[in-house]
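J.: Sharing a structure below in structure tokens format, with a few things to ask.
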Amino acid sequence: MTRHAPAALSLVPILRRAALWAALCMSATGLAAQPDDREVTLTSRSGSLTITGSLLGFDGRFLRIASEHGELTLPLAGVDCTGAACPDPESWVPALRLSGAARLGDLVLPALIDGYARARGLVLETAPGDASHAHYSLVSPEGGKPLLQVSFRLTSTEDGFADLLADEADLAMAERLLDAGELTLARDAGLGRLDAPGRLQLIGLDALVPVVAPGRRITALSLSQLSRLFAGEITDWSRLEARAGPVTLHLGPETSGQTQGFEALVLARAGRTLSEAVVRHPDAEALAEAVAADPGAIGMLPFGRTGATQPLALTGPCGLRGAARAETVATGDYPLTLPLVLYRPMRRLPDAAEAFLGWIATAEAQLVLRRAGVTGLAPIPIPITAQGDRIAGAVLSAGADTGLEELQRMLRVLRPRERLSTTFRFETGETALDAVSRSRVVQLAQSIRDGRHNGESLLLAGFSDGQGGPIANHDLSLERAEAVRAAVLSLLGGTLPPGVELEVAAFGEALPMDCDDSETGRGINRRVELWVVPLR
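In our numbering, the protein residues as written are 27 to 562.
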């Protein structure tokens, strides 16, 4: 089978740019051992260069092959393709393969696919699958031609990442951030920086909530108490409340990204390991039923899926207290907020797939996410009149370094404004944004470009944790606010559109959202908030 290209393009520059690490990835993940029926031979129109390899993908214009030179991406228009696997552009159907977290693949993304089909006037067809696979087709209502086929492999964050490395998926679905080791492995395998903007696509936010059986007199736990419970150090409720009884521990499956995120945020940061006495459950529904029926139980459930259990707030020695609510999850102020993300390697995707992925950030898609029980990315307005608890907490927790004058200055600046849930957070002691916040910068710049903030003055209010002196913390919080502003302006070409202002202010440690006794709490306090007011 031979496809002739209409235009001659030289392969030499492309060959020179071949990634050598991709060859290592092939040997490590089995790409070099592709079946013979995937083998193709590509010959430049001049006939001077010939490359043979296994076809890995085709996006409608470019072929991606595994060759002896590594993984190469070549324009079909510049070569003659020989082999049974050579695509026919006329009959080719765009496809998108996703693998990973079942929470994304069996609920969130199917709801988005359905919403996208309705918004675009397409017919959504489903094909038979099984417990771990699902298949969808977006079909033109005129002529019934498939415009995009989407397939899911429902496994775990870890398995989705493995499929991405093995080139068995185009995108990995994750309900936690990849750790440093996984990011390094991906970079070394030629997938690029998966935590960079454009490589990490934030879909929404979820949270884990500690829950107990109804009737327990306890209403809140600290992160320290939570870690000691799940490490098996606290085995009887009498150490936490008056009513005695043995503690039983309940969690979701070991492969759940949310469970792994809980272990990283709560146990590992406290230097503890998970107790072997934990009872595992296959899904949130089974876990909720087990906790509700067990008077001694404590478990961790996703926000909005706590069933008949009794949710607990999180507190700390400084007296601050936080509960999982839509606005605290959207801002990331709730300590156990976890992202729902897609990881996208440095590979081309079909235009139809890019159109769907781009639609996820629209207002239509955010409504779909809300109906699916997921906190989306649309900014939630939070009037200052609704922030009495956290302002009272700022006053009560203020130390010698935060005087009345500083609190009054903060309120004078913020009082005329309304907070939006868009919040940016940072690495420890740095002005470097974390991975999720880098995506939020892109979203803010896009919303400014799209005119959603026309006629508004935007204020980036910087805050710090309580480590260090007041002057240093003020300066660091100012640097962070300015870093966010610079990043937004850079994406906008250096200037703001007419009718939009973007200012900065810094308040150091004046408004803590959590206690500074843990790295999780300090990470929540290192932030830049977005506040708005109409321009006069």
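Ideal Cβ positions, reconstructed from N, Cα and C, are used throughout, including at glycine.
Determine the burial state of Asp214: buried for a count of at least 16 other Cβ atoms within 10 Å of its Cβ, exposed for fewer.
T.: The count along the sequence shown starts at 1 and reaches residue 214 at position 188. Exposed, by the Cβ-count rule.
J.: Which residue comes first and which comes last in the beta strand (DSSP E) that contains Ala123?
T.: Along the sequence shown, one-based indexing puts residue 123 at 97. The amino acid occupying residue 123 in the given sequence is Arg; Ala does not appear at that position. Ala121 to Ala127 is the span of the beta strand (DSSP E), which, as asked, contains Arg123.
J.: Starting from the C-beta of Ala389, find all residues in its chain whose C-beta is less than 7 Å away, skip the five residues before and the five after it, and write them out in chain order.
T.: Position 363 of the sequence shown, counting from 1, holds the residue named residue 389. Taken in chain order, the residues that qualify are Ala404.
J.: Mapping the DSSP letters down to three states, classify Ile386 as helix, strand or coil.
T.: As a working mapping, residue 386 is identified with position 360 in the sequence shown. Ile386 falls in the coil class under three-state DSSP.
J.: From Thr553 to Gly488, what distance separates their C-alpha atoms?
T.: Residue 553 sits at position 527 when you count from the first residue of the sequence shown. Residue 488 sits at position 462 when you count from the first residue of the sequence shown. Here residue 553 turns out to be Arg, not Thr, going by the sequence shown. Distance between the alpha carbons of Arg553 and Gly488: 6 Å.
J.: For Leu130, does the three-state DSSP call read helix, strand or coil?
T.: The count along the sequence shown starts at 1 and reaches residue 130 at position 104. Of the three classes helix, strand and coil, the one that applies to Leu130 here is helix, per DSSP.
J.: Helix, strand or coil for His500, going by three-state DSSP, please let me know.
T.: Along the sequence shown, read from residue 1 onward, the residue named residue 500 stands at position 474. Helix at His500.
J.: Could you tell me if Gln286 is buried or exposed, where buried requires 16 or more neighbouring beta carbons within 10 angstroms of its beta carbon?
T.: If you number the sequence shown from 1, residue 286 lands on position 260. Classification of Gln286: buried, given that the 10 Å Cβ count is 16 or more.
J.: Between Phe329 and Ala316, is the Cβ-Cβ spacing less than 8 Å?
T.: Translated into positions along the sequence shown, residue 329 becomes position 303. Translated into positions along the sequence shown, residue 316 becomes position 290. Contact: no.
J.: Go ahead and pull the three-state DSSP assignment for Asp262.
T.: Reading the sequence shown from its first residue, position 236 is the one you call residue 262. Strand, per DSSP.
J.: Sorted by chain position, which residues of the same chain lie with C-beta nearer than 6 Å to Ser166's C-beta, five sequence neighbours on each side aside?
T.: Here residue 166 refers to the residue found at position 140 of the sequence shown. Here the set comprises Leu173.
J.: In the DSSP assignment, find the beta strand (DSSP E) that holds Pro279 and state where it starts and stops.
T.: Position 253 of the sequence shown, counted from the start, is the residue given in the question as residue 279. Neither: Pro279 is in no beta strand (DSSP E) and is coded neither H nor E.
J.: Look at Gly126 and Thr78 and say whether their C-beta atoms are less than 8 Å apart.
T.: The residue you call residue 126 lines up with position 100 of the sequence shown. The residue you call residue 78 lines up with position 52 of the sequence shown. No, they are not a contact pair.
J.: Of the choices Gly96, Gly109 and Phe88, whose alpha-carbon is the least far from that of Pro120?
T.: Numbered from its first residue, the sequence shown carries residue 120 at position 94. For Pro120, the nearest C-alpha among the options comes from Phe88.
J.: Taking its Cβ as the centre, do 16 or more other Cβ atoms sit within 10 Å of His479, making it buried, or is it exposed?
T.: Start at 1 with the first residue of the sequence shown, and residue 479 comes out as number 453. Buried.
J.: Are the beta-carbon atoms of Ala18 and Ala323 separated by less than 8 Å?
T.: With the chain covering 27 to 562 only, the question about residue 18 has no answer from this structure.
J.: Assuming contact is defined by CB atoms lying nearer than 8 Å, are Arg451 and Asp491 in contact in what I supplied?
T.: For the purposes of this step, residue 451 is taken as the residue at position 425 of the sequence shown. For the purposes of this step, residue 491 is taken as the residue at position 465 of the sequence shown. Result no, Cβ atoms of Arg451 and Asp491 do not sit closer than 8 Å.
J.: Buried or exposed for Ala270, please, with buried defined as at least 16 other CB atoms from any protein chain shown within 10 angstroms of its CB.
T.: Mapped onto the sequence shown, residue 270 falls at position 244. Ala270 comes out exposed.
J.: For Leu562, count neighbouring Cβ atoms within 10 angstroms of its own Cβ and tell me buried if that reaches 16, exposed if not.
T.: Here the question's residue 562 lines up with position 536 in the sequence shown. Looking at the sequence provided, one finds Arg at residue 562 rather than Leu. Exposed: under 16 other Cβ atoms inside 10 Å.
J.: So within the region 275-337, which uninterrupted alpha helix (DSSP H) runs reach at least 4 residues, ignoring any that extend past its ends?
T.: 283-288 and 310-319
J.: Would you tell me roughly how many angstroms separate the C-alpha atoms of Ala103 and Ser117, rounded to the nearest one?
T.: Counting from 1 along the sequence shown, the entry for residue 103 is found at position 77. Counting from 1 along the sequence shown, the entry for residue 117 is found at position 91. Approximately 16 Å, taken between the alpha carbons.
J.: Please return the same chain residues whose Cβ sits closer than 8 Å to the Cβ of Gly224, not counting the five positions on each side in sequence.
T.: Here residue 224 corresponds to residue number 198 of the sequence shown, with the count starting at 1. If the five residues before and after Gly224 are omitted, its C-beta is found closer than 8 Å to the C-beta atoms of Arg370 and Val468, all from its own chain and listed in chain order.
J.: In the DSSP assignment, what are the bridge partners of Tyr360?
T.: Residue 360 sits at position 334 when you count from the first residue of the sequence shown. Answer is none; Tyr360 lacks a bridge partner.
J.: Which value, in whole angstroms, describes the spacing of the CA atoms of Ala198 and Phe178?
T.: Here residue 198 corresponds to residue number 172 of the sequence shown, with the count starting at 1. Here residue 178 corresponds to residue number 152 of the sequence shown, with the count starting at 1. Taking the straight line from one Cα to the other gives about 10 Å.
J.: How long is the line joining the alpha carbons of Asn499 and Gly534, rounded to whole angstroms?
T.: Sequence index remark: in the sequence shown, residue 499 carries index 473 (1-based). Sequence index remark: in the sequence shown, residue 534 carries index 508 (1-based). Cα to Cα, Asn499 sits roughly 5 Å from Gly534.
J.: Helix, strand or coil, according to DSSP, for Trp557 in the structure here?
T.: Position 531 of the sequence shown holds residue 557. Of the three classes helix, strand and coil, the one that applies to Trp557 here is strand, per DSSP.
J.: On a Cα-Cα basis, can you pick out the residue from Gln336, Leu528 and Val304 that is closest to Leu244?
T.: The sequence position of residue 244 within the sequence shown is 218, counting from 1. Residue 244 is actually Ile in this sequence, not Leu. When only C-alpha atoms are compared, the closest one is Gln336.
J.: Taking only three categories from DSSP, how would you classify Arg451?
T.: Sequence index remark: in the sequence shown, residue 451 carries index 425 (1-based). If DSSP states are grouped into helix, strand and coil, Arg451 belongs with the strands.
J.: Which value, in whole angstroms, describes the spacing of the CA atoms of Ala412 and Thr449?
T.: Along the sequence shown, one-based indexing puts residue 412 at 386. Along the sequence shown, one-based indexing puts residue 449 at 423. Those two C-alpha atoms are separated by around 17 Å.
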